[in-house]
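Protein chains in written order, with the numbering used here: chain A, 184 to 296; chain B, 321 to 434.
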């Protein structure tokens, strides 16, 4: 079945550092890929998405490119801020998994001033 | 913009009691999903509904049931509660467009079973 694997956390960076959170997936068919962010005590917010190969999703300075050849959707940001501290989930839906989202295990990111 | 509304936000129940969680999707979203998130875990899909019919089923225990009503709100009913049911329960909604669009999540209901 469909699955998502994220880099293990936690990740701690200094403000203005470059961020990469790796995400790879296994899926049949042609899934759509997503990054969600969860701030403490809150629900999951859709950060960005890509629906086909080579699409780049972007939002709030974050970017991720749908790489079918490497089955990856790595999240990047050029200069992180303290307010980016949260848990980040990579997810996929579609393909033969229908509409439901399948999540990776989440990566906790802490940004120090 | 309107978001997904869940109630209650917090719920404390004793073992073997029942609980009902409610979800009001974003207007014009006809698909509702329920997820369970344990401490430090990723959300696990429980069940989904499209146009009041169950559209997919995940790891939902037999003690749980859910339905979607004519106004598209959904309820998750949980009976014979166990300590292990303590978790955050999220509802999400999306429009059914024939292609995955992602889903929009509510704030969640934190259920504590004591």
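Ideal Cβ placement from N, Cα and C applies to all residues, glycine included.
Neighbour-count burial assignment, residue i, 16 or more Cβ in a 10 Å radius
| i | result |
| --- | --- |
| residue 185 of chain A | buried |
| residue 236 of chain A | exposed |
| residue 391 of chain B | exposed |
| residue 271 of chain A | buried |
| residue 351 of chain B | buried |
| residue 224 of chain A | exposed |
| residue 388 of chain B | buried |
| residue 416 of chain B | exposed |
| residue 353 of chain B | buried |
| residue 287 of chain A | buried |
| residue 339 of chain B | buried |
| residue 263 of chain A | buried |
Partner residues on chain A for residue i, Cβ-Cβ distance less than 8 Å
| i | result |
| --- | --- |
| residue 261 of chain B | Any property of residue 261 of chain B remains undetermined from this structure, which presents chain B solely from 321 to 434. |
| residue 368 of chain B | 282 and 283 |
| residue 382 of chain B | Residues of chain A passing the Cβ test: none, with the nearest at roughly 19 Å. |
Presumed contact (8 Å Cβ cut-off) between residue i and residue j, rounded CB distance
| i | j | result |
| --- | --- | --- |
| residue 410 of chain B | residue 357 of chain B | 6 Å |
| residue 261 of chain A | residue 277 of chain A | Their Cβ separation, rounded to whole angstroms, is 29 Å, which puts residue 261 of chain A and residue 277 of chain A out of contact at 8 Å. |
| residue 241 of chain A | residue 207 of chain A | Contact flag wrong, Cβ pair sits at about 20 Å. |
| residue 422 of chain B | residue 229 of chain A | 5 Å |
| residue 429 of chain B | residue 341 of chain B | 5 Å |
| residue 219 of chain A | residue 274 of chain A | 6 Å |
DSSP bridge partner residues for residue i (one or two, in chain order)
| i | result |
| --- | --- |
| residue 398 of chain B | B:339 and B:384 |
| residue 373 of chain B | B:370 |
| residue 433 of chain B | B:333 |
| residue 357 of chain B | B:408 |
| residue 217 of chain A | A:232 and A:274 |
| residue 269 of chain A | A:292 |
| residue 256 of chain A | Beta-bridge pairing links residue 256 of chain A to no other residue. |
Interface residues of chain B facing residue i [CB-CB closer than 7 Å]
| i | result |
| --- | --- |
| residue 217 of chain A | 422 |
| residue 289 of chain A | 362 |
Where residue i meets chain A, residues with beta-carbon distance less than 7 Å
| i | result |
| --- | --- |
| residue 427 of chain B | 225 and 226 |
The ligand GDP heavy atom lying under 7 Å from the CB of residue i
| i | result |
| --- | --- |
| residue 259 of chain A | Looking for the ligand GDP in the displayed structure turns up nothing, as the structure carries no ligands at all. |
*Listed from N- to C-terminal order along the chain, which residues in the stretch 385 to 416 of chain B have their beta-carbon within a distance smaller than 8 Å of any beta-carbon of chain A?*
410, 412, 414 and 416
*Which residues, in order along the stretch 342 to 357 of chain B, keep a beta-carbon less than 7 Å from a beta-carbon of chain A?*
351 and 353
*Which residues, taken in chain order from the stretch 226 to 260 of chain A, show a beta carbon closer than 8 Å to some beta carbon of chain B?*
226, 227, 228, 229, 232 and 234
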